[in-house]
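The structure appears below as structure tokens.
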Amino acid sequence: MVIELEEMKTRSTTSSVEILGNQCAPLQYIRELTQNSIEAIEQSGKDGQIVWTYDRQYMKEKGIRKLSIIDNGVGMDGEELRKLMNHMFSSGKQQGLTENFGIGAKVSGLMHSPDGMVYKVWKEGQGYLGILMKHPLNEQYGLLQHELEDGDLSPYIEINSSLKPEFKRCAVTNHGTQVTLLGDQPEQDTYLPKDAVYGPNWLARYLNSRYLSVPENVELAVSCNVHKNEDGTPKYQIRMIKGMRYYNEKYSTHSGVLPIKGAKVHWWVLEGLKNPRPEFPSVSHSASIFQGELYDYEENTTQNMTRLHRFGIIQLVKRVVIYVEPTNQKVTADPSRSFVTLGSAQKIPWDGWGDEFAEKMPEELRLLEEEASEKATDEDLSKDAEKILRDWMKDFEIPKYAVEADAEIEVSEPTDLGGMPGSGDLDDTRPGEDDSESNSNGKTGNQYSDFIKPKGREGKETKGQDFIPKVEWVSPDDHPALDDRAAQYIRIHNRLLINEEFRGFTQLVNTILADKGGNKPGAKAVVVEAAKLHYQVSLCETILRIQMLKKGGRTWKQDDVDDALGPLALTTSVMSHKLLHEKITRLASSKIGKAIKKAAEPDQPSS
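164 is the number that numbering that gives the first Met the number 0 gives to position 165 of the sequence shown; each next residue is one higher, with no gaps.
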């Protein structure tokens, strides 16, 4: 049987542009136009150049800089320009979920530059001009109609060959394209936007963080206005875009690739530049890789830190770069070109891949992390704190949660007490069962069996003091999430990071030192040691006792526990200073007194 269809068409291009445009990332138009130029060079089968600069001709005529991209790729003729620009899902390249969508440059460019995207294209020596824009009155999108000498209208016109750009990094000869972005108002400088995040280096910074690498046959350059001449006029500097593989390799001390289930993890340990470079991310960050580009990019965010912690990176959190490269055949990107999906809109399983990487961490990376951790850990202090905690908590229990005054719900130990993976929220029903009464002693098939007394052989009950966190005293310089916070608990690794520069802690030390230390030699070291001991004990006790609330009841789910043990909550827990002040004062006074007494004793004669 022969089947024929009338193909679906876009009824309202304007609505389609704006719906899709609202999904675009802020700088997606830069990526889309760059990628078009890269693919135009690849289609030519020759080496080629791309440069981002400002439109010299527009500057000469209007006195305003308008951002422009030039390539000497395969180019277009007038009809190809009309076809590609005035059809929503139209592209000169292969289209599909893992290929070109045919909408990126048009949609993201028009949303950023509704006043116009000026296309100058050349093919076989002949040049054409077309302006893709938003109509100022009816707000429709399309190619501006030009009136020809005979009175007809055309969406493109032929242009003089003298208009070919001859930039030193990219000279168009017989083939090429120049796209100029006019912005949303005539007087707007689109070359250096006022809100550019990285200032004059915004383009280089974005492109380097966008691409893992640039194809070998492509030379990609950016003209940056980073300096001024003596007379105050702009001075431009060329920055070559290499992609992050080049820079990570150049500025790292260790690197490698670890295959895991469903992906490859690329990692680098940066050497720690004193002055981060402005044209590429020379700081810790994480991303995913798809077709040579970086997606899911995070830098200087809580999300990046959370990812690195999951991958087992605690002390090197400011120096490690992690990229995950999915190996699933169904990998594609979302329309905004911001994140990678693994089929059926499933996002990357950062937690699962992080756990596997942490378990299989390369030995050289593990040694670096352990070495840094040992420097931040005071073993003697931890032993004293552990002894106090074990003595306090050996008989500590919290009663089980009761639904009624006369009833109790029997529960099992939660599997995530003390840093194991979270078990999630409680569901009162069992998978595959209806509303009929269920056997509360059953366990098989219930993913929430943490909370239900298991049938069969009981496991060995674990006491809270057996899960005392490993403590490391750190600085917010190395752990930005701790800026003006007392501590951070990383449950998945049962690690507690305490901020030794937190003003609540330092003020406590200074108050006790002024009261008891005076000018006594060594007094400050004694007070700091005493303060660290009880501060550490107090925070660890909070972590242990809060987690035990989940052990005995239904209302404390893992999300609640995590909230109660977040940096803000832990800070709150040590801001009630009275008991801490008294304990630290007693210990410090005792040690200072012993030190003074010992110093006053006469020297014993040597035998």
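Beta carbons: idealized from backbone N, C-alpha and C, even for Gly.
The beta carbons of L181 and K65 sit closer together than 7 Å.
Within the model, the alpha-carbon separation for G72 versus S161 is close to 18 Å. Inside the region 455 to 540, DSSP marks whole alpha helix (DSSP H) runs of 4 or more residues at positions 502 to 511, from first to last along the chain. Spanning the alpha carbons of V525 and H253 requires a straight line of approximately 39 Å. Cβ-Cβ distances below 6 Å link E218 to Q48 in the same chain, with the five nearest sequence neighbours on each side left out; the list follows chain order. The C-beta distance from I542 to A530 rounds to 19 Å, too long to meet the 8 Å contact threshold.
Counting the other CB atoms within 10 Å of its CB gives G129 a total of 16 or more, which places it among the buried residues. By the criterion of a C-beta distance shorter than 6 Å, N224 is surrounded in its chain by L191, P199, P233 and Y235, once the five residues flanking it on both sides are discounted. Secondary structure remark: continuous beta strand (DSSP E) runs of at least 3 residues inside the region 234 to 281, in chain order: 251 to 259 and 262 to 269. Listed in chain order, the non-local C-beta contacts of L567 below 8 Å within the same chain comprise R484, local neighbours out to five positions each way being set aside.
If the five residues before and after L109 are omitted, its C-beta is found closer than 8 Å to the C-beta atoms of V16, G20, M116, L131, M132, K133 and Y140, all from its own chain and listed in chain order. Put simply, the region 298 to 315 does not touch the region 326 to 342. Fewer than three CB pairs are less than 8 Å apart. When the five nearest sequence neighbours on each side are left out, the beta carbons in the same chain lying within less than 7 Å of the beta carbon of V106 are those of V16, L19, G20 and C23, in order along the chain. Runs of beta strand (DSSP E) with 3 or more residues, each lying fully within the region 155 to 221, are found at 156 to 158 and 175 to 180, listed in chain order. Around the beta carbon of I2, fewer than 16 other beta carbons sit within 10 angstroms, so the residue counts as exposed. With contact defined as three or more Cβ pairs closer than 8 Å, the region 39 to 53 and the region 139 to 156 are not in contact.
Boundaries of the alpha helix (DSSP H) harbouring G77: G77 to M84, taken from the DSSP string. In this structure, R238 places its C-beta atom within 7 Å of the C-beta atom of E278. Taking 7 Å as the cut-off, the Cβ atoms of A375 and L532 do not count as close. Judged by their CB atoms, S283 and D295 are not nearer to each other than the 7 Å cut-off. The distance from the Cβ of A262 to that of T326 is about 6 Å, consistent with a contact at the 8 Å cut-off. It is roughly 28 Å from the alpha-carbon of V178 to the alpha-carbon of G231.
Burial is judged here by how many other beta carbons sit within 10 angstroms of a residue's own beta carbon; S112 has at least 16 and is buried. Around the C-beta of N299, fewer than 16 other C-beta atoms lie within 10 Å, and the residue is accordingly described as exposed. With fewer than 16 other Cβ atoms inside 10 Å of its own Cβ, G255 counts as exposed. For M132, the enclosing beta strand (DSSP E) covers residues Q125 to K133. Each of Y322, Y250, F289 and T305 was checked against the Cα of E270, and the nearest Cα belongs to Y250. Collapsing the DSSP output to three states places L567 in a helix. A residue is called buried once 16 or more other Cβ atoms fall within 10 Å of its Cβ, and P164 is buried on that count. Shown here, K227 sits in a strand according to DSSP, grouped into three states. DSSP, reduced to helix, strand and coil, places L142 within a strand of the structure shown. DSSP places D54 outside any alpha helix (DSSP H), giving it a letter other than H or E. Of all alpha-carbon atoms in I497, V50 and S208, the one lying nearest the alpha-carbon of S285 is that of S208. According to the DSSP assignment, M304 belongs to the alpha helix (DSSP H) that extends over T301 to R309. Secondary structure note for F289: its beta strand (DSSP E) is the uninterrupted segment H284 to F289. For the pair I397 and A203, the Cα-to-Cα distance works out to about 57 Å.
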